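Some notes on the structure that comes next.
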Amino acid sequence: MTVTDTARESVAASLEQDGVQSHLNPPPSYDLTDHPVPTGREEVWRFTPLKRLRGLLDGEPSAASLRWETELPGGVTLTEVTGDEAVGLGELGPNDRPSALAVAHAGGARLLDVPADLELDEPVVLHLHGESADDLVWGRLVVRIGAHARATVVINHTGSARYSAITTVLVGDGASVNVLTLQDWDDDAVHLGRDAIRVGRDASVRHTAISFGGDLVRLHANVEYAAPGGEAELLGLYFADEGQHLEHRLFADHNAPRTRSNVLYKGALQGEGAHTVWIGNVLIRKVAEGIETYEENRNLVLSDGCQADSVPNLEIETGEIEGAGHASATARFDDEQLFYLRSRGVSEKESRRLVVHGFFNDLIRKVGIPSIEERLLATVEAELAKNVLRDVDA
Amino acid sequence: MSELVIQDLQVSVDTEDGPKEILKGVTLTIKDGETHAIMGPNGSGKSTLAYSVAGHPKYTVTGGSVTLGGEDVLAMSVDERARAGLFLAMQYPVEVPGVSVANFLRTAKTAIDGEAPKLRTWVKDVNGVLGNLNLDPTFAQRSVNEGFSGGEKKRHEIAQLELLDPKVAILDETDSGLDIDALKIVSEGVNRFRAQEGKGVLLITHYTRILRYIQPDYVHVFVDGRVAEQGGPELADQLEAEGYDKYVKAAAARA
Ligand SMILES: Nc1ncnc2c1ncn2[C@@H]1O[C@H](COP(=O)(O)OP(=O)(O)OP(=O)(O)O)[C@@H](O)[C@H]1O
Ligand SMILES: [Mg+2]
Numbered sequence: 212m213t214v215t216d217t218a219r220e221s222v223a224a225s226l227e228q229d230g231v232q233s234h235l236n237p238p239p240s241y242d243l244t245d246h247p248v249p250t251g252r253e254e255v256w257r258f259t260p261l262k263r264l265r266g267l268l269d270g271e272p273s274a275a276s277l278r279w280e281t282e283l284p285g286g287v288t289l290t291e292v293t294g295d296e297a298v299g300l301g302e303l304g305p306n307d308r309p310s311a312l313a314v315a316h317a318g319g320a321r322l323l324d325v326p327a328d329l330e331l332d333e334p335v336v337l338h339l340h341g342e343s344a345d346d347l348v349w350g351r352l353v354v355r356i357g358a359h360a361r362a363t364v365v366i367n368h369t370g371s372a373r374y375s376a377i378t379t380v381l382v383g384d385g386a387s388v389n390v391l392t393l394q395d396w397d398d399d400a401v402h403l404g405r406d407a408i409r410v411g412r413d414a415s416v417r418h419t420a421i422s423f424g425g426d427l428v429r430l431h432a433n434v435e436y437a438a439p440g441g442e443a444e445l446l447g448l449y450f451a452d453e454g455q456h457l458e459h460r461l462f463a464d465h466n467a468p469r470t471r472s473n474v475l476y477k478g479a480l481q482g483e484g485a486h487t488v489w490i491g492n493v494l495i496r497k498v499a500e501g502i503e504t505y506e507e508n509r510n511l512v513l514s515d516g517c518q519a520d521s522v523p524n525l526e527i528e529t530g531e532i533e534g535a536g537h538a539s540a541t542a543r544f545d546d547e548q549l550f551y552l553r554s555r556g557v558s559e560k561e562s563r564r565l566v567v568h569g570f571f572n573d574l575i576r577k578v579g580i581p582s583i584e585e586r587l588l589a590t591v592e593a594e595l596a597k598n599v600l601r602d603v604d605a
Numbered sequence: 014m015s016e017l018v019i020q021d022l023q024v025s026v027d028t029e030d031g032p033k034e035i036l037k038g039v040t041l042t043i044k045d046g047e048t049h050a051i052m053g054p055n056g057s058g059k060s061t062l063a064y065s066v067a068g069h070p071k072y073t074v075t076g077g078s079v080t081l082g083g084e085d086v087l088a089m090s091v092d093e094r095a096r097a098g099l100f101l102a103m104q105y106p107v108e109v110p111g112v113s114v115a116n117f118l119r120t121a122k123t124a125i126d127g128e129a130p131k132l133r134t135w136v137k138d139v140n141g142v143l144g145n146l147n148l149d150p151t152f153a154q155r156s157v158n159e160g161f162s163g164g165e166k167k168r169h170e171i172a173q174l175e176l177l178d179p180k181v182a183i184l185d186e187t188d189s190g191l192d193i194d195a196l197k198i199v200s201e202g203v204n205r206f207r208a209q210e211g212k213g214v215l216l217i218t219h220y221t222r223i224l225r226y227i228q229p230d231y232v233h234v235f236v237d238g239r240v241a242e243q244g245g246p247e248l249a250d251q252l253e254a255e256g257y258d259k260y261v262k263a264a265a266a267r268a
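Protein sequence lines correspond, in order, to chains A and B. According to this note's numbering, numbering within the first sequence proceeds without interruption in unit steps and concludes at 605. According to this note's numbering, numbering within the second sequence proceeds without interruption in unit steps and concludes at 268.
Take a look at the structure:
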């Protein structure tokens, strides 16, 4: 059993009060020249195999689109708006090159609107399907959740594409929203995504990223607060197979007092060249007194030849906080756990299955969307069948 | 027939300085229906004996044999040993996050019996056993050993003993860390198991107090990887009065 604990920390306590910016998350800009083509040596790009982006960063225009199929409960609308309208709605601007390119080339944006006070029992589901990894697709979406509304939004990615998308979620005061993005791509898809969330006064949001498919997936989930009292839970689950690169970058920008963020990402890796990256960044600004934040990443390495990079990061400018913490651990199958289960007669195969399901269980139960939870259990099972359960006799 | 026969068992563990011999030839036979107690100083190899019989991968058997009802235990995998009728209540039960006690027990029972237990009677059985061990019914929904108190972990081991119903049970310091009430409750569980026809028990302990509740047929003194002395229940009282000193000195003189 090998266990490597990475709990690296960089606390930059002496940042200036005004115009503070996180070194990992530069301020947004609609000016493309602010987002030069990366070389791969930049801190924010160094984990990503740029070659496998297959030209996405070149920024070639393209009018191709994913196929959208939607399930919109009554009262919810999906419309097309111009880029200027998107900005006017309060879109959270692009803060890296892929998202800036998506703005530049998407040709307007889609607006998903959940009006104020609407309480939905059924989820809003957006099925986004790509036909081929040869298609270059730019996407731009604004999700607006009105004040005191309650909604669940599922974005389900399937098929294949070279896809870069910028998504903004504006959560009205007192609203409660559950956003889930599922990356169930075919093997050759490339997906760069930036989700940014602005949490209204006393609003609560849960954002879950689930990544199984694709050759390369790199997603940002950023959260900031429009007013005090907001609460954000950022969850993630990923399963990287042979040769897959799955990267999740989190940013909680505590820019208002008495706000909370809680990050939990769990991943499993199996097969030669499976690579996962998790970067968790929290910035606690001077004004953000009385906030609470916790971020955690756990990885389970199921075979040789995998790599899990995990870097939690905390930048604190005020001491007046309720709590801030982080944890990160990457471990192999625990021999003691397997021995314990097997000593009760449970076969090696079944023991491994129990341990992996157990590893993901608490996270899956937090997702809060029953149909998705069931599907995740089945997907974990299917992933296990590929490797962990394959070579072992029952 | 479920006689457990351990013959001249030699076991080593891998250390940074190469293999280290821990068991130096252990011979012990537990016949049907017998209860044997093993007592010995810290580090003498008692847990090593228990783990080696159960098949823990950390230990390498370098000599000797172990058979259960004539079957070669050392040739079996860990789970095969359990299915053959061996059970080890561990000194330090392992946490398995995210796996509920209920799921764990049902999976283990299914594996041991080769078929899933009948749902209706099973739920009753589990609740009955948990109740007897003074474990709350909500206990079944918790993750295996996660956040359990020391005493709860031990009672959970005995719950498994009763539900899985092996032929031979090895109890490694099941009494350690138990208060007097919990000790009684756990002992009653072991005694319910023993009351059945032909069940063997190997009870590893530091204290004679559990032997007042679970009367052994034989007591073995374990020192430096060997059985240094054996006798009846009176040997336990003698150890309590005199300690292991003379056995430790004798072992040191041998070495
Ligand atoms: N990996 C290891 N490297 C070195 N020594 C080891 C290793 N594993 C076990 N040992 C040693 O083997 C010896 C026997 O340990 P064991 O746990 O079997 O003792 P024990 O009789 O059960 O003790 P206790 O009464 O404290 O439970 C001890 O001296 C222990 O330090
Ligand atoms: Mg011990």
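Glycine included, C-beta positions come from ideal geometry on N, C-alpha and C. Computed from a predicted model, the values in this text were never measured in an experiment.
- Put simply, of A172(B), R96(B), R222(B) the residue whose alpha carbon is nearest the alpha carbon of D138(B) is A172(B).
- Counting only Cβ-Cβ distances below 8 Å, R96(B) has contacts in chain A at G556, in chain order.
- For A124(B), at least one C-beta of chain A is nearer than 8 Å to its own C-beta.
- Where Q548(A) is concerned, the enclosing alpha helix (DSSP H) starts and stops at 546 to 553.
- For Y72(B), DSSP records a beta bridge to V26(B).
- Listed along the chain, the chain B residues whose CB falls inside 8 Å of the CB of L565(A) are V109, V112, N116, F117, T120.
- G484(A) and R405(A) have their C-alpha atoms spaced approximately 25 Å apart.
- Residue nearest to G285(A) within the set E435(A), P334(A), D397(A), S422(A) is P334(A) (criterion: CA-CA distance).
- Counting the other CB atoms within 10 Å of its CB gives Q209(B) a total below 16, which places it among the exposed residues.
- Every residue with a CB closer than 5 Å to a heavy atom of ligand 1 is listed here in chain order: V26(B), T28(B), I35(B), N55(B), G56(B), S57(B), G58(B), K59(B), S60(B), T61(B).
- In the displayed model, P54(B) falls within coil according to three-state DSSP, outside both helix and strand.
- Around the beta carbon of A195(B), a 10 Å sphere encloses 16 or more other beta carbons of the protein chains shown; the residue is thus reported as buried.
- In summary, N55(B) is exposed, with fewer than 16 beta-carbon neighbours lying within 10 Å of its beta-carbon over all protein chains present.
- Residue state for S514(A) is assigned as coil, using DSSP reduced to three classes.
- Annotation for T61(B): V24, I35, L36, Y72 place their beta carbon closer than 7 Å to its own, counting only its chain and skipping 5 residues before and after.
- Not a single heavy atom of ligand 2 lies less than 7 Å from the C-beta of E170(B).
- If you check each beta-carbon in the segment 570 to 604 of chain A against every beta-carbon of chain B, the ones closer than 8 Å belong to F570, F571, N572, D573.
- Only those residues of the segment 427 to 457 of chain A whose C-beta falls short of 7 Å from the nearest C-beta of chain B would be listed, and there are none.
- Identification of chain B residues near D546(A) by a Cβ-Cβ cut-off of 7 Å yields P70, ordered along the chain.
- E186(B) has its CB nearer than 7 Å to a heavy atom of ligand 2.
- At the C-beta level, I495(A) and E526(A) come within 8 Å of one another.
- Between A344(A) and A386(A), the C-beta gap is not smaller than 8 Å, which leaves the two residues out of contact.
- Residues of chain B with a Cβ closer than 7 Å to the Cβ of Y505(A) do not exist, since the nearest Cβ in that chain sits about 17 Å away.
- Residue-level contact check: H338(A) does not touch chain B, since none of the beta carbons of chain B fall below 8 Å from its beta carbon.
- The segment 207 to 256 of chain B contains, as complete alpha helix (DSSP H) runs of 4+ residues, the segments 222 to 226, 247 to 255 (chain order).
- In the same chain as D21(B), and ignoring 5 residues on each side of it, the C-beta atoms closer than 8 Å to its own belong to G38, V39, T40, G76, G77, S78, in chain order.
- For ligand 2, no non-hydrogen atom lies closer than 7 Å to the CB of Q209(B).
- Spatial neighbours of A182(B) in its own chain (CB-CB distance under 6 Å, excluding positions within 5 residues in sequence) are listed in chain order as F100, L174, V214.
- Under the DSSP definition of a beta bridge, D324(A) partners with T288(A), R355(A).
- Following the DSSP letters along the chain, one finds L300(A) in no beta strand (DSSP E) but inside the alpha helix (DSSP H) bounded by residues 294 to 300.
- Secondary structure note for K262(A): it is in no beta strand (DSSP E), with a DSSP letter that is neither H nor E.
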